[in-house]
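Residue numbers for the sequence shown, in the working numbering: 102 to 169.
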Amino acid sequence: GEHSFSVFCFREGKLAGIESVNRPADHMAGRRLLKLSSAIQIESVVAANFDMKVLEADVRARELEAMQ
Numbered sequence: 102g103e104h105s106f107s108v109f110c111f112r113e114g115k116l117a118g119i120e121s122v123n124r125p126a127d128h129m130a131g132r133r134l135l136k137l138s139s140a141i142q143i144e145s146v147v148a149a150n151f152d153m154k155v156l157e158a159d160v161r162a163r164e165l166e167a168m169q
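Dropping the structure here:
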């Protein structure tokens, strides 16, 4: 809706926090993303086709690859 949004906070190019208003799915995905060690690029979240669920899946896949 028009009164829902998420703001991504970066520090030195690394995701440092996510603030969400009326977007509980973004909030939960953000909490999971913050626990992962992969860096999330600012360009990823400002892209026109940005989708939080897709970003989380991509980051998790990269994390799994790095562990193997």
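For every residue, glycine included, the Cβ atom is placed at its ideal position computed from N, Cα and C. Values in this document were obtained by computation on a predicted structure and should not be read as measured data.
- Straight across, the Cα-Cα distance linking SER145 with ASP152 is about 9 angstroms.
- For ALA130, same chain residues with a beta-carbon under 7 angstroms away, outside a window of 5 residues either side, are MET153, LYS154, GLU157 in chain order.
- Judged by DSSP secondary structure, SER105 falls outside any alpha helix (DSSP H); it is assigned neither H nor E.
- Taking a 10 Å sphere around the C-beta of VAL160, we find 16 or more other C-beta atoms and assign the residue as buried.
- Around the beta-carbon of LEU165, fewer than 16 other beta-carbon atoms lie within 10 Å, marking it exposed.
- Going by DSSP, ILE143 is part of the alpha helix (DSSP H) stretching over 143-147.
- Burial is judged here by how many other beta carbons sit within 10 angstroms of a residue's own beta carbon; ILE141 has at least 16 and is buried.
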